[in-house]
């Protein structure tokens, strides 16, 4: 040993080769909200459960789906077949299913809880399954359905969230690095008014109708006695049912779902905040979840760990 | 063959030897064609730390550890158990959600743990237990570490059954739990899911027991389609039993055949053995099916009524005052000591001085009475009454209350639906032989074999729904508009008075209708001719005077000289 | 030899080594004729300058990152900073009726994992738990390749989601690092993961945890003898993956390391963990506080209660102290302050009181003001006529 010297060396922040490019997302989340109460709004529950069914089938685990349902339709005394919600009068597809976890239900579905959920400001006792624990690598699907108007969406027929509040909440999420990309879907009357005020980046938005238009329901089931699903979600579900876990259908083809002759309303799309080529964005970037995995080949040698 | 048996033995013991699991189903045909089935899945473990578990559900163990829970009961129920015709259930639970917990004695902040526990359970079971706060829960009068609450409005559906089933070691793939299909469970007349955790201590050594229970009552007329009282596993649950849970120490089905004496019926399977002459026991190992052919009796034979049952209702009319009446029927030939616990929400303020306890119409004084007055938005009205129920008597507890107005934000979105009031609890010790079945031991088989003197029953009364005075919810905007209009109307004259000067002008006075016609004429003239003609034309009825033109009149103030001239003339003449 | 203080490195020139070797303590050994540039490069690697700046930049400007792919992958793999974690080991036995596994996870967890967690206690608290699950099938049917069954990496990624819904960690308060030991069903023994003609039993998912396959010996399947797995072979992948998930620097690609043969960390590894955590927590604090102040600037009528105000002050003070401590080279203190800064800033930002529905959009204001001001304006406007007349009179006549 010839010499030694001591190196008291700490954070050396010489910014090495840093380049700008889009990193991929690392996890998928879904926030699915039905804001309507009362039996005659059965279709809104069917709407939200349709999307729930699809994202679950495509691999988003229940722990990463926040499902808010404002009323209990499945076990409603008026439901002739308990514990089911159908999307179609021929009752082929029970969108409620046998394996469902509702995170916020009944009176818990409020504007306050919704905004708290998005911004992460829930009471400290809230269990993790009811929190949106996203990070800068999360792609989030936000789906809202209910009754709305120009610039607002009603919650439980007693309060409303405005487009400005929603836009501010999303901006706070962006500031806090709570998302990577958002796909915002809304099925309500004058739906496109809800995304017009958005100003945060990386949001792709789609609405069932333009300002001034109503979103219409699809058909009535005489056994249930009410309209059972809205047109836009009906066709969206039809599209999603054909998507398989490994299929490479792009978001661009999804944005073309429900043309005017089917929907009667015009489907609105907002792409100016979103910077990727939609034809190259697979639909599973938002509706599915595949965990990035790596196989471990080199193992540490821990054979001498003392007892 | 020997080796195989040995293997099965290993399997039944399970991977670790400190936990045991068993599955049981108890079926009892009730009077009037109902069939009661009670599932019980029991895990018993010896270790008091829940960090590492083999059969005990980890997520529940984590909650129990984190909040220092010593005892926990959660029941999610839909429907009403009819004690009078069905007897006593294995687990008595009121409609809605009911939760009670006892924490370890050394717990510092019991309330904090209680709210933490209810929040965690709300996430675990997808219920709205997070609505539990100080305004709808109470602590026991004698036990500092005990908390109770019920949410009568809570509905129960697949979203509760799904996580509940995930707590079972075999999930819903094997064994008795494969009978629990959501469509069938929620089609029952009465269904109740329960989680019951308690320590079983014997001579200082404790074991911990977790029982997951399901109570279902089916109307056999409804499920059999042939107008008989036939029932079978497939008719009730939509499926037969195909595989047993390999983790269970034993899986058994018990069938209570005691009603066979009054209504004889045929069972498809011979039991493996009988317990106490009237309980048929089936050991499950493989495919199993059970059905019964029960002819509809010509005369409805009512079962022996239970010794003690209750009744609860509200009295009064209108939306100002009301009364709450709880009746306890004692059909026993000797007196019974019973404790009645009423928890009345703060929005029904009761008048303590109106509390009246009568037995067969005669006023009696309770043996003990604890009353904790409620406080608006903070605390419920808690009433605990210990009574000695006279033999063959009806005891009635009544109290008067007010309906109150809530604050604007406190009304739920469907305020017109009404407000639910949770059940009262009646606890009493009855002789064990007085009821055919008891359920206070760990396993059903122990209960069926049990002999003892007393049996503690805990009855839950009906919930009810009341209509509080509900305002018109479009009111605030109306109030804003109305108030603004009033302000505006007041503002107009005040503004005119303060900024305009009164002055007198001459006008030809024509009495009666002519004056109105004249005004109208002038007004129309103004409109039509104002544009065509010069402004100084006919329309200029009023002349504006400059100050110099005015002179003083003793009563009228400054008036025009012209006017003065007229007046002077008048005075002069 | 003097004791090397925390956060420093001792470079030792010695003839007994042929290459640069990182020791177990804070020593780096190098042969006398080493190129100084090579030595500097190795030191940069060892001190993770690239990883530190990448971690800072990627957080401050989303989308920007270092172009060293390994650095980026390692960052994306690391769990999010938190003061507490749960480590949950789940043993899945899909066929309990055929195969009996006799293993108590708590013993090896205590032996191999606990010393490592004790080392990390300044960074976070870890709570170790274990559970058994049964009867969960592999969703993907593995094909047979020669004598073994293999799950290709592309198929293997689909087995985590179905597993996850049974793990039941949603109620725990802290983020959870999962390790799943999947006992292969008897009909698929032996089963391996497969990628590029390489077989392994372990797989890892970033920020989530690891899955490994436990192949029982066929004898236990056939003869109903309980299978007793080897502690070390189960714990080796778990410890390796745990190292990656918490962000222990992997230097084996760049230089030789003196063998440690233990699950614990070398001292210089712990030092770099400290640095990484300081940077992560400090940067997080910066982002949180900046966005909080921007939020307060945008929404002026937000109410700040005293508790939040205090948390913000505390956070800022702690953040300043982090910088001071770093300058003085006090790693432990800096870590402690960065933890405080991180926690208090998170507390302040996510405080429920910050969101008392304070938005009062313009259209709602009009809804209130119009009924009031419109009727009030009528007499005011009418009186303008009188004012006009009065002015005309005053100045014309």
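Chains as they are written, first to last, in the UniProt record's numbering: chain A, 1 to 307; chain B, 1 to 573; chain C, 1 to 397. Backbone N, C-alpha and C define an ideal beta-carbon position, used for all residues, glycine too.
Which residues in the same chain as residue i place their Cβ atom closer than 7 Å to its Cβ, once the five residues preceding and following it in sequence are excluded?
i	result
residue 78(B)	95, 155, 156, 191
residue 293(A)	none
residue 50(B)	56, 61, 62, 64, 65
residue 40(B)	24, 211, 213, 444
residue 187(A)	47, 145, 208, 215, 230, 232, 233
residue 271(A)	204, 278
residue 167(A)	197, 198, 199
Whose C-beta lies closer than 8 Å to the C-beta of residue i among residues of the same chain, with five residues either side of it excluded?
i	result
residue 337(C)	318, 319, 321, 322, 325
residue 136(A)	177, 178, 179, 180
residue 454(B)	429, 430, 431, 432
residue 378(B)	134, 135, 346
Kindly indicate the opening and closing residues of the alpha helix (DSSP H) around residue i.
i	result
residue 361(B)	Per DSSP, residue 361(B) belongs to no alpha helix (DSSP H) and is neither H nor E.
residue 127(C)	From DSSP, residue 127(C) is part of no alpha helix (DSSP H) but of the beta strand (DSSP E) over 125 to 134.
residue 242(C)	231 to 246
residue 211(C)	That residue, residue 211(C), is in no alpha helix (DSSP H); its beta strand (DSSP E) goes 209 to 214.
residue 175(A)	163 to 175
residue 160(C)	160 to 167
For a quick check, are the C-beta atoms of residue i and residue j less than 8 Å apart?
i	j	result
residue 353(C)	residue 305(C)	yes
residue 180(C)	residue 90(C)	yes
residue 284(C)	residue 59(C)	yes
residue 380(B)	residue 88(B)	no
residue 159(A)	residue 110(A)	yes
residue 299(A)	residue 87(A)	no
residue 168(C)	residue 59(B)	yes
residue 72(A)	residue 158(B)	no
residue 470(B)	residue 403(B)	no
residue 284(B)	residue 239(B)	no
Using the DSSP secondary-structure output, state which residues sit across from residue i in a beta bridge.
i	result
residue 274(C)	In the DSSP output, where bridge partners are listed per residue, residue 274(C) has none listed.
residue 585(B)	Because chain B here runs from 1 to 573, residue 585(B) falls outside it and cannot be looked at.
residue 29(A)	140(A)
residue 206(B)	201(B)
residue 91(A)	BP columns for residue 91(A) are empty, so no partner.
residue 71(B)	102(B)
residue 68(A)	33(A), 104(A)
residue 49(C)	Its beta-bridge partners do not exist; DSSP assigns none.
residue 149(A)	152(A)
residue 93(C)	134(C)
Would you kindly report the start and end of the unbroken beta strand (DSSP E) that includes residue i?
i	result
residue 96(B)	96 to 103
residue 176(C)	176 to 183
residue 52(B)	Element bounds for residue 52(B): n/a, residue is neither H nor E.
Take residue i as the anchor and find which of the options has the nearest alpha-carbon.
i	options	result
residue 390(B)	358(B), 419(B), 43(B)	358(B)
residue 35(C)	18(C), 77(C), 197(C)	18(C)
residue 369(B)	382(B), 375(B), 363(B), 467(B)	382(B)
residue 210(C)	295(A), 76(A), 91(A)	295(A)
residue 576(B)	145(B), 125(B), 479(B), 253(B)	Because chain B is modelled from 1 through 573, residue 576(B) falls outside the range shown and cannot be assessed.
residue 297(A)	115(C), 196(C), 287(C)	196(C)
residue 174(C)	302(C), 127(C), 212(C)	127(C)
Excluding the 5 residues flanking residue i on each side, which residues of the same chain have their C-beta closer than 6 Å to its C-beta?
i	result
residue 427(B)	339, 458
residue 67(A)	32, 52, 102, 103
residue 536(B)	Any reading at residue 536(B) is ruled out, since the residue's pLDDT is 46, under 50, leaving its predicted position unreliable.
residue 307(B)	331, 332, 430, 434
residue 22(A)	At residue 22(A) the pLDDT is 42, less than 50, meaning the model places this residue with poor confidence; the figure from the coordinates comes in the next sentence. So no residue of the chain qualifies.
Under 8 Å, Cβ to Cβ, is there at least one residue of chain E near residue i?
i	result
residue 280(A)	Protein chains in the displayed structure are A, B and C, and chain E is not among them.
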